[in-house]
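Working notes, structure below.
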Amino acid sequence: MSLDVTVPPSLSTIPTELVRRIFARLSLRHVMRFKRLCRFVRDVLSEHSFAVLHLGHFVRTIQHDSVKNFLFSNDGIINEADQLDWMWFCLPPNYQSAYAEIRWSANVSALSFWIDGAGTLLDHFGDNVRPVVPVASSLAPGLILLQVHGLGLCRTIPDLSDFKKLVNVDLSKNRLEGSIPASLGCLFQLKELNLSSNALSGRIPIELTTLTKLKSLVLNSNRLAGRIPASISNLKDLQVLDFGCNQLSGPLIPSIGLLANLTVLNLRENNFGEPIPPEIGALSNLRVLDLSSNCFSGSLPDALGQLACLEDLLLFDNNLSGAILQALGIGCVNLQQMLLMSNVSLTMNSEERCRGSWPIYHCRRYS
């Protein structure tokens, strides 16, 4: 709805401070409408100082909380106070930075926004908002944890390189686009990075492999392409590597066998090919190996029988052939689930059969 207002020629002669104080008494919705009044008013209302003045009338500063958690269930209702925090993602840039300046005191070390369920901010505030990740300058300088899960945030990942203390970044289950910024490689304290369930594209930046403290790297369910960087082997502390449901290709690099602490390796639903490298048998702590729905070919490497901690082996929907290793039943003493169906020609020649001839739908550990 457009404003039917005739702007007097002398409007720009009104003192700026007076304009600020007049409009600071209006609701945010009306301020956004009056920004269309003329360029002079728009410029004043777009200033950071005006946003601080305006929000200061109804935003309470949090003085003592070092950790802020905001959980919204689709079965609940956002109360009036919390609604302001959720709307932070939908405000104009000058309001985002002003809101954080007022709302988050300098000692805030963790911000966690989590929508539990299938909904997003669009479902709760309407399609007229386009929530984005607030600009980095809006955040507390001592931030250690930034978790923004399930809000349906749009556009690209902002530059977080100024936040050197970040240990955990979770931007999963949003609508983030573009490439993964190389600047994330500056967060040398990072231990957990979760960018799953977005619309990210491009290659996995090699800069991520400089984050030697990483324990969990989860990039599944995006549109990432290209190969896994060979320098992934630098991540000696890595326990969870999840690149599933992307468009990655090439062979599975042998250097992945140097990730001695890995417990979960998920590369399902990509375009990896060639034989499974025997170096994978060096992953002595591996519990879950999911290479399903790829283009792996050749026979199963004998080294798979060295994975004594392995509980789940998922190799279905590939081009594998040859005999199923008897060593799996001997060396993989903790194996609970093995899915090998939909391959070219996998057969079990030993006397230890699961359910007759392969392929099978499901196989519990044979003994």
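Numbering-wise (our numbering), the sequence shown opens with residue -18 and increments by one. For each residue, glycine too, the CB sits at the ideal point set by N, CA and C. If you're wondering where the values come from, they're calculated on a predicted model, not measured in any experiment.
Beta carbon of residue i, beta carbon of residue j: below 8 Å?
i      : j      : result
Ile234 : Ala211 : yes
Ile161 : Leu132 : no
Ala289 : Asn315 : yes
Leu195 : Leu171 : yes
Gln228 : Leu200 : no
Phe31  : Val25  : yes
Ile185 : Ile209 : yes
Val221 : Thr244 : yes
Phe297 : Ser326 : no
Leu126 : Ile138 : no
Would you please state the rounded distance, in angstroms, between the beta carbons of residue i and residue j? I believe it to be under 8 Å.
i      : j      : result
Leu147 : Leu168 : 5 Å
Gly286 : Leu309 : 6 Å
Gly225 : Asp271 : 7 Å
Gly123 : Ser90  : 5 Å
Asn215 : Thr193 : 6 Å
Gly303 : Cys276 : Contact doesn't hold; Cβ gap of about 16 Å is too wide.
Gln128 : Ser164 : 19 Å between Cβ atoms; not a contact.
Ile305 : Leu281 : 7 Å
Ile83  : Val12  : Incorrect: roughly 16 Å between the Cβ atoms, too far for contact.
Is DSSP giving residue i helix, strand or coil here?
i        : result
Ser178   : coil
Gln170   : coil
Arg204   : strand
Asp46    : Reliability of the predicted coordinates at Asp46 is poor, the pLDDT of 44 falling under 50, and no value is obtained from them.
Phe51    : For Phe51, the predicted structure reports a pLDDT of 48, less than 50, and the residue's modelled location is therefore unreliable. A value from the coordinates is still provided. In this structure, Phe51 counts as strand in the three-state DSSP scheme.
Asp24    : helix
Gly57    : Because Gly57 sits at a pLDDT of 40, beneath the cut-off of 50, its placement in the model cannot be relied upon, and the point is left open.
Ser278   : strand
Gly77    : Checking the sequence shown, residue 77 turns out to be Gln, not Gly. Gln77 falls in the helix class under three-state DSSP.
Gly303   : strand
Trp339   : Since pLDDT at Trp339 reaches only 34, below the 50 mark, its modelled position is unreliable, and the value read off the structure follows with that caveat. Trp339 falls in the coil class under three-state DSSP.
Thr(-6)  : helix
Asn242   : coil
Arg346   : Low local confidence applies: a pLDDT of 36 at Arg346 is under 50, so the model's placement there is unreliable, with the coordinate-based value given in what follows. The answer is coil: DSSP assigns Arg346 none of H, G, I, E or B.
Cys226   : coil
Phe297   : coil
Ala361   : This structure cannot speak to residue 361, because the chain is shown only from -18 to 348.
Thr328   : strand
Ala289   : coil
Leu127   : strand
Pro232   : strand
Asn247   : strand
Cys135   : strand
Ser(-17) : Because Ser(-17) sits at a pLDDT of 47, beneath the cut-off of 50, its placement in the model cannot be relied upon, and the point is left open.
Ser323   : coil
Return the first residue and the last residue of the alpha helix (DSSP H) that residue i is part of.
i       : result
Thr(-3) : -3 to 4
Val33   : 29 to 36
Phe15   : 9 to 15
Could you give the first and the last residue of the continuous beta strand (DSSP E) run that contains residue i?
i      : result
Asp271 : 269 to 271
Asn252 : 252 to 255
Asp197 : The amino acid at residue 197 is misidentified as Asp; the sequence shows Ser. Per DSSP, Ser197 belongs to the beta strand (DSSP E) from 197 to 199.
Val314 : Element bounds for Val314: n/a, residue is neither H nor E.
Val150 : 149 to 151
Asp223 : 221 to 223
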